[in-house]
Amino acid sequence: MIISEELLQQKLNNPFRYFASVDSTNDIAQDWLRNGAKQGSVVIADEQRKGRGRRGRTWYTPPNVALAVSVILNASPENASQSSMVGALAVYDLCEQVGLSHIGIKWPNDVQVRGKKISGVLPEAVWEGDKLLGVVLGIGVNIRNQFEGELVDIATSIESELGQAVDRVDLIAYLVERVDFWATKLSSDDLVQSWKSRLNTLGQAVVVEGINQRIVGQAVDVETNGTLLIKTEDGSIHPVMAGDVSLRTQNEG
Ligand code: BTN
Numbered sequence: 001m002i003i004s005e006e007l008l009q010q011k012l013n014n015p016f017r018y019f020a021s022v023d024s025t026n027d028i029a030q031d032w033l034r035n036g037a038k039q040g041s042v043v044i045a046d047e048q049r050k051g052r053g054r055r056g057r058t059w060y061t062p063p064n065v066a067l068a069v070s071v072i073l074n075a076s077p078e079n080a081s082q083s084s085m086v087g088a089l090a091v092y093d094l095c096e097q098v099g100l101s102h103i104g105i106k107w108p109n110d111v112q113v114r115g116k117k118i119s120g121v122l123p124e125a126v127w128e129g130d131k132l133l134g135v136v137l138g139i140g141v142n143i144r145n146q147f148e149g150e151l152v153d154i155a156t157s158i159e160s161e162l163g164q165a166v167d168r169v170d171l172i173a174y175l176v177e178r179v180d181f182w183a184t185k186l187s188s189d190d191l192v193q194s195w196k197s198r199l200n201t202l203g204q205a206v207v208v209e210g211i212n213q214r215i216v217g218q219a220v221d222v223e224t225n226g227t228l229l230i231k232t233e234d235g236s237i238h239p240v241m242a243g244d245v246s247l248r249t250q251n252e253g
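Just so we're aligned, residue 1 is where the sequence shown starts under the working numbering, counting upward by one.
Written as structure tokens, this is what we have:
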């Protein structure tokens, strides 16, 4: 069933804009922010034709099967890099709320259930000259996607994990409520510790494909801005600000 705008109106406390089909909810939210949208404003779409993923990847959202939501956050230059923690924690809470278990956050902000990706987060900072207007926090959650090919082993959805149907409007309302909650904790130790304690990456032997770098080692810690620290064989520590992590057992590396 398509998302009902009327039900969103009833269940969502935040200002929102709903679209049956858009290129990307993050684009609409960026424009809205440039035109004065306030903290907590939400853009929701049933379908995204050109959704964006991390690191330049495409994130296609077919109609009827997922959540595609972008929330506007009043982040500062100092805490903007923590926005993705807000998104990952909100999705983590959503998974718990619907009754899922074996939930973890794979650094930096993928939420996994039984080791398979159920959600991705894409924060995009919006600048006017050298002034940060805010961050558009894009969140995609798989609800009943049919995965094919190699995705079958690495991706999952809420309904396939749960074995029963869920109401997307209820899920959006709860997700946005949790984004609002965690956003109040930007810059706090509580936010960072909550995110860190839900990470399933720490302590693992990993390969990190970063920007112009590939590091093989052990994920030992994270910094307050989200940077991952990798200890390599020679004992040195390498900070990684952005990248893709895979477990070393899945790679020869
Ligand atoms: C990832 O690569 O894991 C991040 C995916 C983020 C997808 C969401 S869906 C809503 C918002 N709009 C977009 O175009 N992307 C984000």
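Think of the CB as a built atom: it goes at the ideal place given N, C-alpha and C, for glycine as much as any other residue.
These numbers come from a predicted model, not from an experiment.
(request) Would you mind sorting N212 into buried or exposed? The rule is 16 or more other CB atoms within 10 Å of its CB. (result) exposed
(message) I need the straight-line Cα distance from V71 to G149, nearest angstrom please.
(response) 31 Å
(message) Any heavy atom of the ligand NAP closer than 7 Å to the beta-carbon of D31?
(response) Absence of the ligand NAP is noted for the structure shown, with the ligand BTN being the only ligands found.
(message) Mapping the DSSP letters down to three states, classify L199 as helix, strand or coil.
(response) strand
(request) Helix, strand or coil for V22, going by three-state DSSP, please let me know. (result) strand
(request) Whole angstroms is fine: what's the gap from T25's alpha carbon to Q164's? (result) 27 Å
(message) Taking 7 Å as the cut-off, is the beta-carbon of D180 closer than that to any non-hydrogen atom of the ligand BTN?
(response) no
(message) Does the structure place the stretch 98-107 close enough to the stretch 192-202 that three or more beta carbon pairs sit under 8 Å?
(response) yes
(message) Pull the bridge partners of S70 from the DSSP assignment, please.
(response) V43 and G138
(request) Please confirm if the stretch 151-159 is in contact with the stretch 48-64, defined as three or more CB-CB distances below 8 Å between the two stretches. (result) no
(message) Can you determine whether any heavy atom of the ligand BTN sits closer than 7 Å to the C-beta of G226, and answer yes or no?
(response) no
(message) Helix, strand or coil, according to DSSP, for D167 in the structure here?
(response) coil
(message) Any heavy atom of the ligand BTN inside 7 Å of the beta-carbon of W68?
(response) Per the sequence shown, residue 68 should be read as Ala rather than Trp. Result yes, Cβ under 7 Å from the ligand BTN.
(message) Distance check for Q204 and P239, CA to CA, integer angstroms please.
(response) 15 Å
(request) Kindly indicate the opening and closing residues of the beta strand (DSSP E) around K231. (result) L228 to K231
(message) Only counting the same chain, and skipping five residues up and downstream in sequence, which positions put a Cβ closer than 7 Å to that of S194?
(response) L89
(message) Less than 7 Å separating the Cβ of N26 from some heavy atom of the ligand BTN?
(response) yes
(message) Mapping the DSSP letters down to three states, classify E256 as helix, strand or coil.
(response) For the chain, the structure presents residues 1 to 253; residue 256 sits outside this window and is missing.
(request) Could you spell out the range, first to last residue, of the alpha helix (DSSP H) harbouring S160? (result) I158 to L162
(request) Express the C-alpha separation of P108 and G134 in angstroms, rounding to a whole number. (result) 20 Å
(request) Examine the Cβ distances between the stretch 225-244 and the stretch 141-148 and report whether three or more of them are shorter than 8 Å. (result) no
(request) Could you check if P15 is buried or exposed, using at least 16 other CB atoms within 10 Å of its CB as the buried criterion? (result) exposed
(request) Please confirm whether any heavy atom of the ligand BTN lies closer than 7 Å to the CB of G53. (result) yes
(message) Between which residues of its own chain and A66 is the CB-CB distance below 7 Å, once the five residues before and five after are set aside?
(response) G140, V141, N142, I143 and N145
(request) Using the Cα positions of Q48 and S236, report the straight-line distance between them to the nearest angstrom. (result) 43 Å
(message) Going by beta-carbon coordinates alone, are L151 and A75 separated by less than 8 Å?
(response) no
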